[in-house]
Structures are given as structure tokens and as C-alpha cells.
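A.B. asks:
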Amino acid sequence: MKTITAQKPFEELSEALSGAERIYVVGCGTCATMLHTGGKSEVLDMKEKLEAAGKKVTGWMVIPTACDELSKDALGESIQEIEQADCILVMACAFGVQTVSLYSDKPVYPALNTLFVGKEETPGHFIEVCMQCGNCILARTAGICPLVRCAKSLLNGPCGGSVDGKCEVSPDIPCAWQIIYDRLAALGQLDKLEEIVPIRDWSTSREGGPRTIIISD
Amino acid sequence: MKAGTNLEKVLESGMFAVTAEAGPPKGTSAAVMQRKGEALRHCCDAANVTDNQTAIVRMSSLAGCVLLKQQGVDPVMQIVCRDRNRIAIQSDVLGAIALGIGNILCLSGDHQKFGNHPTAKNVFDIDSIQLIQALKNMRDEKKFLCDEEVSGEVPMFIGAAANPYADPFEFRLTRLAKKVKAGADFIQTQAVYDIAKFAKWMKMVTDRGLDKETHILAGVIPIKSAGMARYMRDYVSGVSVPDEIVSRMEQAKETKEEGVRLAVEIIEQLKEIPGIHGVHIMAVGWEDIVPEIVEQAGLLPRPVL
Ligand code: SF4
Ligand code: SF4
Numbered sequence: 001m002k003t004i005t006a007q008k009p010f011e012e013l014s015e016a017l018s019g020a021e022r023i024y025v026v027g028c029g030t031c032a033t034m035l036h037t038g039g040k041s042e043v044l045d046m047k048e049k050l051e052a053a054g055k056k057v058t059g060w061m062v063i064p065t066a067c068d069e070l071s072k073d074a075l076g077e078s079i080q081e082i083e084q085a086d087c088i089l090v091m092a093c094a095f096g097v098q099t100v101s102l103y104s105d106k107p108v109y110p111a112l113n114t115l116f117v118g119k120e121e122t123p124g125h126f127i128e129v130c131m132q133c134g135n136c137i138l139a140r141t142a143g144i145c146p147l148v149r150c151a152k153s154l155l156n157g158p159c160g161g162s163v164d165g166k167c168e169v170s171p172d173i174p175c176a177w178q179i180i181y182d183r184l185a186a187l188g189q190l191d192k193l194e195e196i197v198p199i200r201d202w203s204t205s206r207e208g209g210p211r212t213i214i215i216s217d
Numbered sequence: 001m002k003a004g005t006n007l008e009k010v011l012e013s014g015m016f017a018v019t020a021e022a023g024p025p026k027g028t029s030a031a032v033m034q035r036k037g038e039a040l041r042h043c044c045d046a047a048n049v050t051d052n053q054t055a056i057v058r059m060s061s062l063a064g065c066v067l068l069k070q071q072g073v074d075p076v077m078q079i080v081c082r083d084r085n086r087i088a089i090q091s092d093v094l095g096a097i098a099l100g101i102g103n104i105l106c107l108s109g110d111h112q113k114f115g116n117h118p119t120a121k122n123v124f125d126i127d128s129i130q131l132i133q134a135l136k137n138m139r140d141e142k143k144f145l146c147d148e149e150v151s152g153e154v155p156m157f158i159g160a161a162a163n164p165y166a167d168p169f170e171f172r173l174t175r176l177a178k179k180v181k182a183g184a185d186f187i188q189t190q191a192v193y194d195i196a197k198f199a200k201w202m203k204m205v206t207d208r209g210l211d212k213e214t215h216i217l218a219g220v221i222p223i224k225s226a227g228m229a230r231y232m233r234d235y236v237s238g239v240s241v242p243d244e245i246v247s248r249m250e251q252a253k254e255t256k257e258e259g260v261r262l263a264v265e266i267i268e269q270l271k272e273i274p275g276i277h278g279v280h281i282m283a284v285g286w287e288d289i290v291p292e293i294v295e296q297a298g299l300l301p302r303p304v305l
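Line by line, the protein sequences are chains A and B. The first sequence lines up with residues 1 to 217 when you count with this note's numbering. The second sequence lines up with residues 1 to 305 when you count with this note's numbering.
(1) Taking Cβ-Cβ distances below 9 angstroms as the criterion, which residues of the stretch 152-168 of chain A are in contact with chain B?
(2) Since Arg82(B) contacts Asn122(B) with CB under 8 angstroms, what's their CB separation in whole angstroms?
(3) When you measure from the CB of Asn156(A) to every non-hydrogen atom of ligand 1, does any distance come out below 7 angstroms?
(4) Just the Cα atoms here: how many angstroms apart are Asp51(B) and Phe16(B)?
(5) Is it true that the CB of Ile87(B) sits closer than 8 angstroms to the CB of Cys106(B)?
(6) Going along the chain, which residues of its own chain have a beta-carbon closer than 7 angstroms to the beta-carbon of Val10(B), five neighbours each way excluded?
(7) Find out if the Cβ-Cβ distance for the pair Ile104(B), Met156(B) is shorter than 8 angstroms.
(8) With burial defined as no fewer than 16 other Cβ atoms inside 10 Å of the residue's Cβ, what is the status of Asn6(B): buried or exposed?
(9) I need the residues with a C-beta less than 7 angstroms from some heavy atom of ligand 1; please give them in chain order.
(10) Distance cutoff 8 angstroms, beta carbons only. Does Pro320(B) sit that close to anything in chain A?
(11) Please report how far the alpha carbon of Gly227(B) lies from the alpha carbon of Cys87(A), in whole angstroms.
(12) Under 6 angstroms Cβ to Cβ from Thr30(A), same chain only, skipping five residues before and after it: list those, please.
(13) In the DSSP assignment, the beta strand (DSSP E) including Tyr24(A) goes from what residue to what residue?
(14) Using DSSP with H/G/I as helix, E/B as strand and the rest coil, what is Val220(B)?
(15) With H, G and I counted as helix, E and B as strand and the rest as coil, what does DSSP make of Met232(B)?
(16) Given a cut-off of 8 angstroms on the beta-carbon distance, is the pair Pro41(B) and Gln70(B) in contact?
(17) Which residues of chain A have a Cβ atom closer than 8 angstroms to the Cβ of Ser237(B), listed in chain order?
(18) Can you check the stretch 159-185 of chain B for any alpha helix (DSSP H) of at least 4 residues that lies completely inside it and give the ranges in chain order?
(19) So Gln178(A) contacts chain B; which residues on that side make the cut at Cβ distance below 7 angstroms?
(20) Count the C-beta pairs between the stretch 178-197 of chain B and the stretch 256-272 of chain B that are closer than 8 angstroms, then say yes if the count reaches three, no if not.
(21) Could you tell me the alpha carbon to alpha carbon distance between Lys56(A) and Val129(A), rounded to whole angstroms?
(22) If we define contact as Cβ-Cβ less than 8 angstroms, is Lys142(B) a contact residue for chain A?
(23) Grab the span of the alpha helix (DSSP H) containing Met202(B) for me, first residue to last.
(24) Could you tell me whether the Cβ of Thr54(B) comes closer than 8 angstroms to any Cβ of chain A?
(25) Is Val117(A) closer than 8 angstroms to Met1(A) when the C-beta atoms are compared?
(26) Please confirm whether Leu154(A) and Cys145(A) have their CB atoms less than 8 angstroms apart.
(27) Check the Cβ of Glu12(A) against every Cβ in chain B and list those closer than 9 angstroms, keeping chain order.
(28) Check this for me: beta carbons of Ile196(A) and Lys181(B), under 8 angstroms apart or not?
(29) Closest to Gly14(B) by C-alpha separation, out of Asp288(B), Ile276(B), Leu300(B), would be which residue?
(30) Return the CA-CA distance between Gly157(A) and Trp177(A), expressed in angstroms with no decimal places.
(31) Would you check whether ligand 2 has a heavy atom nearer than 7 angstroms to the C-beta of Glu168(A)?
(32) Drop a sphere of 10 angstroms on the beta-carbon of Cys186(A), count the other beta-carbons inside from all chains shown, and report buried for 16 or more, exposed for fewer.
(33) If you measure between the beta carbons of Gly165(A) and Cys175(A), is that distance less than 8 angstroms?
(34) What is the DSSP secondary structure of Gly173(A), reduced to helix, strand or coil?
(35) State the DSSP-derived secondary structure class of Tyr109(A), mapped to helix, strand or coil.
(36) Please specify which runs of the alpha helix (DSSP H), each continuous and at least 4 residues long, are wholly inside the stretch 69-127 of chain B, giving them in chain order.
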């Protein structure tokens, strides 16, 4: 499982950083490095771009795993360079951005868009497989998630737009429900599609405020 | 009778029904709907008002239905699951019934990607099959989805769509059966051009006895020009237009007349397919032609029940 990110357009960053002269840049050695969005070479590229745009980069680091608690210590080690900066630009996923902002009192800006939690199907090809809905229905759907893979998150698919295995939204997108159908057929479980899947309880995925859980030993 | 609408009466009487489609305007003109109502009143038993079809913003289906009703047309209110959650949908249904609208057609809805607001957030809180079930529950049990009581009567004649041309083909029967089980009183199909495939699907439908549990109206979209035929063949997902039809339209001298002839021929053939209880004519933006098609197909006058 990886957090899939993409770099924000530089114009958008320039806009967000317009009030900042001196910037400290943080990258991440885990997902963002693997995705080539916030590893060492991307951080150095960013430094160059910022300098070309007239900013001063007071320093940079690539935290091994930016979302981890240990970010606190990593930031502490470079406290002087960070103190000189007006803000921190974080080239990590939103978890990393939020961790850095937790441990620093500088304004923190994201340099990346966090897209989804996905897996690498073939080298370099990442696909969203779960949106962590809190109410998993994979047992009904042969292990394929229709919530993320069907364009309409249908529970009783495939809809009338499914043609030749493709989704009505684009000939480049496989119809999730065709995949589910084929897998159920192979498993001898097509009868599962005869049942009407009842209305979902979405409160497990989007309730009031952040979802939290407390694990006691 | 579930709602006692004209459409329900015609279908229950066993007569071959005719419904049409009236797309609301991309604007505020009541006159546009009134004109469509005027054109359709004597040639169909009910008219569907689309709900922001192809995700293009138009006058609401509810308002369009009221305007049609004022013209003496029995309206079918279409509801898509794309734009409204269970709260908004149930609320609209109450309002529709209060305003005398009795036919409601449940659809998933075209994805917003192809509409005029492709950056919108979609809803899909419930899907079309769950919507059918929810409406049936409102009508028969007088219950909202949360199980609380609905006050007053909830008369509704519930419709759904079916597309025999989508894939996987075998599943299309399952999906229809699910819609019937959920509570669909009538079904309007995707436009039929490939009669053989449609007949094959209908054979499966009648073998399973589904035509006895619901009323199936076959979809007909009159083709106005060769360009439209090509466009529908190449770009409209879920519609299957055979090449013969495209070349027939390309060779025709008077394309509109050829389009009418073609629609009439299709209706004639549909009438012969066992289990078909009517036709649903979707002359999008060409509503004026519907009376001529219905007349030439020998389906006039419409019954007064
Ligand atoms: S059903 Fe929910 S938990 Fe299961 S894979 Fe899909 S999004 Fe994830
Ligand atoms: S075509 Fe398939 S993936 Fe696309 S919306 Fe319909 S069921 Fe979902």
C-alpha cells in the first residue's frame, strides 16, 4: 500500500508562496520517493526552481518517512535552518504535511496533491483499490472494490453504460462491474448478483468530523 | 391501482401503450414545455420528463412534469441518483405526489463527465435499484428509508430502465429481474435498432416470466439525419446502431422522412415481439414528429380511460 501523490503545478506553489522569501523544503524517503514526487532529486529540483524564482532556500531534508512520529526529531536536528525560513514546503503526502505542521510552528505548505491510497499493478502503474469506507463489501464483489473502481460507486452494477468491458466514462477505463462479473463467474458465484444489495450506511466513511478509533490493549 | 395514472390504466387494460419523452429547456421558459405538451397530448399515454439528462443542466424534471400536467399530459418524472442523496430524493417524491405526479422513473444517471459541469461532485448515495426499492417501500409500507412513517397516501407507479445492449449480455436479464423484484411496475428500454438482439433478450425475459410481473415498453429513438445515426453508433455508450441503418440514412434523399419510416418499421416489428406492452419514443429535440410516427404506426387514437 502506498500513498499516491502528484506534484502541484509550480504556478500554484508560486501563488501560495507569494508572501514568503525564505523557504525550507522537506521531502519524504518513502512513498513520495518511490513515486518520484518528493525524493531527494525532486527536492533538489524544487530548490533550484525556487531559487530561480528569486526565493532563498534556507535548507532542505528528506525525512525517511515524513508521516512518522520521528519527523519530530528530524525537524529538531535542523531547527536553525528552519527558524530562518518564513515557511516550510513539504514534498510528501498530506499525512507528511500534517505531521510536519504538528511539530513546527512555521506555516506549512503542501507541494504535492495526495491522490489516493493505491497499489502498483505493473511497474510504474498505480491504481486506487480502496477508499477506506469503513464498511467493506469485498465479500460480495469477488475482491474488487466497486466503490472506488466503478465511476458511480454502484452496488448493483454493472449499469447500462457498460460495453465491451469498458466503462461509459472512458474507453480507457475497465468497467469494474464487468471485472466483478467475470470473477464471480469464475468462482461459480454469479448467484450473488441476483441479490439486491441494500442501501449503504455511509456514516462509516463520512461522518461528522474526522473518523477516529481508540485501540485499548 | 397503485397510482391510477393514465399510463397505469392503459397498461393494466392490456392495451399497447405509447409514451414519449419531453426534454425540459436549458432555461426558464414554461412555454417550451407547454408546446411539447401540446404536441404530445393526443399521441401518447404519458410523457417522460428527463432529469438533467447527460448531466446537462436543464429545468428540473419536477417543474417540467407540472407544466406537462397543466397541458393535460400524464407526466413521468425521471429521477437520477447522480445529483441527489436519499434526503433530497424522498423530499422531491413527496412534492411530486402532492402536485399530482404519479409516474416516477428511477435511473442511475449519466456520469457528469460528459455534461456541462464535468467538475461537479456526484452523489450516488443510492443506486437505481435501491431507489426503486425505496419508492416501493414509501408507497406500500408508508415508510421512509429511515423507517419513519410517511404521512398521507403515497400513490406511485414506479418505472425503471433496461438496456439489453449493454454488457455482459447474460447479466441484463439478472438486472431486469432485480429491478422487478425491487418493485418496478414498468420498464422503458434503451432505443432498439438491432431487433434480433432485442428479441433474443425478450425471449429470455418471457422465459423467466418477467413480462408478467412488469410492463415492458421498448425504446425508439427516431433518427433525423445520417450524422445523427453515425454519432449514435460511434459515441453514445450503450446504444447499438447497426451499420445498415447508418448507410440507409446516408443514402436517403429525404432523411427526415426516412427517419420516420425507419421508426415506424421498428415499432411494427416491436409490436410482434411477445411480452412487449408498448413503445417509448424518445424524439430528443424533435418532439413535433412524434404524432406522425404514432399515427403511421397505427397507434392512434390513444385510448381515453
Ligand atoms: S468496500 Fe470499502 S473497505 Fe472494502 S475495498 Fe472498498 S472502499 Fe475499501
Ligand atoms: S460502466 Fe461499469 S464502472 Fe462504469 S459506471 Fe457503469 S457499472 Fe460502473
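A virtual CB, placed ideally from N, CA and C, is assigned to each residue, including glycine.
C.D. replies: Let me spell this out:
(1) Lys152, Ser153, Leu154, Leu155, Asn156, Gly157, Pro158, Cys159, Gly160, Gly161, Ser162, Val163, Asp164, Gly165, Lys166, Cys167, Glu168
(2) Confirmed, about 5 angstroms.
(3) no
(4) Near 26 angstroms, if we compare the C-alpha coordinates of Phe16(B) and Asp51(B).
(5) No.
(6) Ala17, Asp45, Pro303, Leu305
(7) yes
(8) buried
(9) Here the list is Val129(A), Cys130(A), Met131(A), Gln132(A), Cys133(A), Gly134(A), Asn135(A), Cys136(A), Ile137(A), Leu138(A), Cys145(A), Leu147(A), Val148(A).
(10) No statement about residue 320(B) is possible, as the shown extent of chain B runs from 1 to 305 and does not include it.
(11) Using only the alpha carbons, I get a separation of about 58 angstroms.
(12) Thr65
(13) 22-28
(14) In the structure shown, Val220(B) sits in a strand (DSSP, three-state: E or B).
(15) In this structure, Met232(B) counts as helix in the three-state DSSP scheme.
(16) Position check: residue 41(B) holds Arg in this sequence, whereas Pro was assumed. Contact flag unset, no.
(17) Gly161, Val163, Glu168
(18) 169-182
(19) Asp167, Pro168
(20) Between the stretch 178-197 of chain B and the stretch 256-272 of chain B, the count of Cβ pairs shorter than 8 angstroms is three or higher; the stretches touch.
(21) Per the coordinates, the alpha-carbon of Lys56(A) lies some 40 angstroms from the alpha-carbon of Val129(A).
(22) no
(23) 195-207
(24) Thr54(B) does not count as touching chain A.
(25) yes
(26) no
(27) Simply none; closest approach about 16 angstroms.
(28) yes
(29) Ile276(B)
(30) 6 angstroms
(31) yes
(32) One detail in the question is off: residue 186(A) reads as Ala in this sequence, not Cys. With fewer than 16 Cβ atoms within 10 Å of its Cβ, Ala186(A) is classed as exposed.
(33) yes
(34) The residue asked about is misnamed: residue 173(A) is Ile in this sequence, not Gly. In this structure, Ile173(A) counts as strand in the three-state DSSP scheme.
(35) strand
(36) 86-98
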